[in-house]
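In the numbering used here, the protein residues as written are 778 to 1183.
A virtual CB, placed ideally from N, CA and C, is assigned to each residue, including glycine.
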């Protein structure tokens, strides 16, 4: 069974904009969402900045009672899904949801623990568990939109958003559903996570200049920057989309998923997992490497990760690698983990649609070991296919290919 799949709805909430339009315009305006953290006390933290969604009031987007029942990551997922679904006519029993998140309700867990330890009463409210369980995020979206089809939640670290798309395609190809809502969401700007990642030397520590701290593929990069947000796309069979007269943004051409089987944190030095994942997506799309014109890289600005991805791309694309345009939008948003796997696919779709590729911020002194065409300015290029990579802890690898709809 090999059905043509298309994307008919998109939604995003990011540190640089709420809504796909604002997100894209901000990318093209060189806007950064990275600055000093505002929602927690950072006095005792080694890293004091992140990509936050600032001045965010969930009740501006979600009914008051429902908003109080959700962790912040759920709120982001809900808002992004609402935007994506607004264009769709949902068949309750033939529509499903997959949510990808790395951290679930870590904010609720840490906030509740702080409150519990600091209180003499030692009580925990009844909403604690449903606010921190990952699957309740999908449940809240299903309740809002009367969706009764398959509902899945997966946790594959930074690959969660991309893998939500891959699992959605499997549901559609197998006939479990005609429409799938793939969602990624994250909110993890919490002291314990920051302390742990800083101890692992994974985070940038450029507290003096946070807006220039995230430097993918730059010689002076020193680690990634945490981000938060949500993304969603509606995927359906072409047959179903055409029957209802849907606007089709792009074709979902190919997906790759695998694991390094190497180390809980460190990627394989030879990049084998990333290489095979990209090749799998290209094979599924039924295209050649040279058909891809643009890659939105994983590009987190870690010392080893950026070099490993560069070498993996050169291995997969061979001579065609020199013709690619590549960027990392994490320099604008921070690393949104599960959410980034979706919003970066949306970025690919917008680039196909407009023929414009967003800049990689802060790429001022390119690393000689990252010697592909990583762009630091807005670049005009017409192309048919784009790839988005997301590689996570545990050796989780995801590659998604979208194409111009024909």
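Relative to the C-alpha of residue i, which residue among the options is closest?
{"i": "residue 955", "options": "1021, 980 and 1180", "result": "1021"}
{"i": "residue 1161", "options": "1172, 1169 and 1179", "result": "1179"}
{"i": "residue 1054", "options": "818, 851 and 1174", "result": "1174"}
{"i": "residue 800", "options": "907, 1121, 1182 and 1158", "result": "1121"}
{"i": "residue 995", "options": "887, 1150 and 1042", "result": "1150"}
{"i": "residue 932", "options": "882, 1074 and 925", "result": "882"}
{"i": "residue 1159", "options": "1101, 894 and 805", "result": "1101"}
{"i": "residue 802", "options": "835, 1170, 1177 and 1124", "result": "1124"}
{"i": "residue 1074", "options": "1111, 1046 and 1103", "result": "1103"}
{"i": "residue 1076", "options": "1168, 926, 908 and 917", "result": "1168"}
{"i": "residue 975", "options": "798, 825 and 1170", "result": "825"}
{"i": "residue 1019", "options": "837, 865 and 798", "result": "865"}
{"i": "residue 823", "options": "897, 1096 and 973", "result": "973"}
{"i": "residue 1071", "options": "1056, 1156 and 1148", "result": "1156"}
Residues in the same chain with beta-carbon distance under 6 Å from residue i, minus the five sequence neighbours each way, listed in chain order, please.
{"i": "residue 1146", "result": "1084"}
{"i": "residue 1202", "result": "Residue 1202 falls outside the range modelled here, since the chain spans only 778 to 1183, and no answer is possible."}
{"i": "residue 781", "result": "1015"}
{"i": "residue 989", "result": "1139"}
{"i": "residue 1026", "result": "784 and 1126"}
{"i": "residue 1017", "result": "955"}
{"i": "residue 964", "result": "849, 850, 884 and 1005"}
{"i": "residue 907", "result": "913"}
Kindly list the residues whose CB is nearer than 8 Å to the CB of residue i, restricted to its own chain and excluding five residues on each side of it in sequence; keep chain order.
{"i": "residue 830", "result": "790, 791, 792, 795, 810, 853, 1005 and 1006"}
{"i": "residue 930", "result": "875, 876, 877, 878, 911, 912, 914 and 915"}
{"i": "residue 1154", "result": "1136"}
{"i": "residue 1052", "result": "1089, 1092 and 1093"}
{"i": "residue 967", "result": "817, 883, 884 and 887"}
{"i": "residue 1048", "result": "1085, 1086, 1088, 1089 and 1092"}
{"i": "residue 924", "result": "867, 869, 872, 873, 874, 918 and 958"}
{"i": "residue 894", "result": "none"}
{"i": "residue 1036", "result": "1050, 1171, 1172, 1173 and 1174"}
Given a cut-off of 8 Å on the beta-carbon distance, is the pair residue i and residue j in contact?
{"i": "residue 937", "j": "residue 1114", "result": "yes"}
{"i": "residue 1152", "j": "residue 1134", "result": "yes"}
{"i": "residue 873", "j": "residue 953", "result": "yes"}
{"i": "residue 832", "j": "residue 788", "result": "no"}
{"i": "residue 1166", "j": "residue 1086", "result": "yes"}
{"i": "residue 816", "j": "residue 991", "result": "no"}
{"i": "residue 934", "j": "residue 961", "result": "no"}
{"i": "residue 939", "j": "residue 1118", "result": "yes"}
{"i": "residue 855", "j": "residue 839", "result": "yes"}
{"i": "residue 1098", "j": "residue 1129", "result": "no"}
{"i": "residue 987", "j": "residue 812", "result": "yes"}
{"i": "residue 827", "j": "residue 1111", "result": "yes"}
{"i": "residue 1182", "j": "residue 1060", "result": "no"}
{"i": "residue 1177", "j": "residue 1058", "result": "yes"}
{"i": "residue 1172", "j": "residue 1044", "result": "yes"}
{"i": "residue 1023", "j": "residue 857", "result": "no"}
{"i": "residue 1170", "j": "residue 993", "result": "no"}
Determine which residues share a DSSP beta bridge with residue i and list them.
{"i": "residue 861", "result": "DSSP output for residue 861 lists no bridge partner at all."}
{"i": "residue 1007", "result": "790 and 962"}
{"i": "residue 1028", "result": "783 and 1180"}
{"i": "residue 827", "result": "812"}
{"i": "residue 1051", "result": "None, per the DSSP bridge assignment."}
{"i": "residue 1103", "result": "1072 and 1151"}
{"i": "residue 1173", "result": "1036 and 1169"}
{"i": "residue 980", "result": "1001"}
{"i": "residue 1128", "result": "Residue 1128 pairs with nothing; no bridge assigned."}
{"i": "residue 874", "result": "928 and 958"}
{"i": "residue 1112", "result": "1003"}
{"i": "residue 1143", "result": "995"}
{"i": "residue 1134", "result": "1156"}
{"i": "residue 1189", "result": "Past the boundaries of the shown model lies residue 1189; the chain is included only from 778 to 1183, so the question cannot be answered."}
Using a Cβ-Cβ cut-off of 7 Å (strictly less than) and excluding sequence neighbours within five positions of residue i, which residues of its own chain qualify?
{"i": "residue 919", "result": "874 and 928"}
{"i": "residue 862", "result": "786, 922, 958 and 1011"}
{"i": "residue 892", "result": "none"}
{"i": "residue 943", "result": "1032, 1034 and 1175"}
{"i": "residue 905", "result": "885 and 889"}
{"i": "residue 807", "result": "1136 and 1138"}
{"i": "residue 948", "result": "873, 927, 954 and 957"}
{"i": "residue 814", "result": "825, 826, 827, 829 and 966"}
{"i": "residue 819", "result": "825"}
{"i": "residue 909", "result": "848, 881, 882, 885 and 886"}
Looking at chain D, is there any beta carbon in it that lies within less than 8 Å of the beta carbon of residue i?
{"i": "residue 979", "result": "The structure shown contains no chain D, having only a single protein chain."}
Three CB pairs or more closer than 8 Å across the stretch 832-852 and the stretch 895-902: no
The stretch 1099-1108 contacting the stretch 988-1007, beta-carbon criterion three pairs below 8 Å: yes
Meets three-Cβ-pair contact criterion under 8 Å: the stretch 1072-1082 and the stretch 991-1000: yes
The stretch 979-998 / the stretch 1063-1072 touching (three or more Cβ pairs under 8 Å): no
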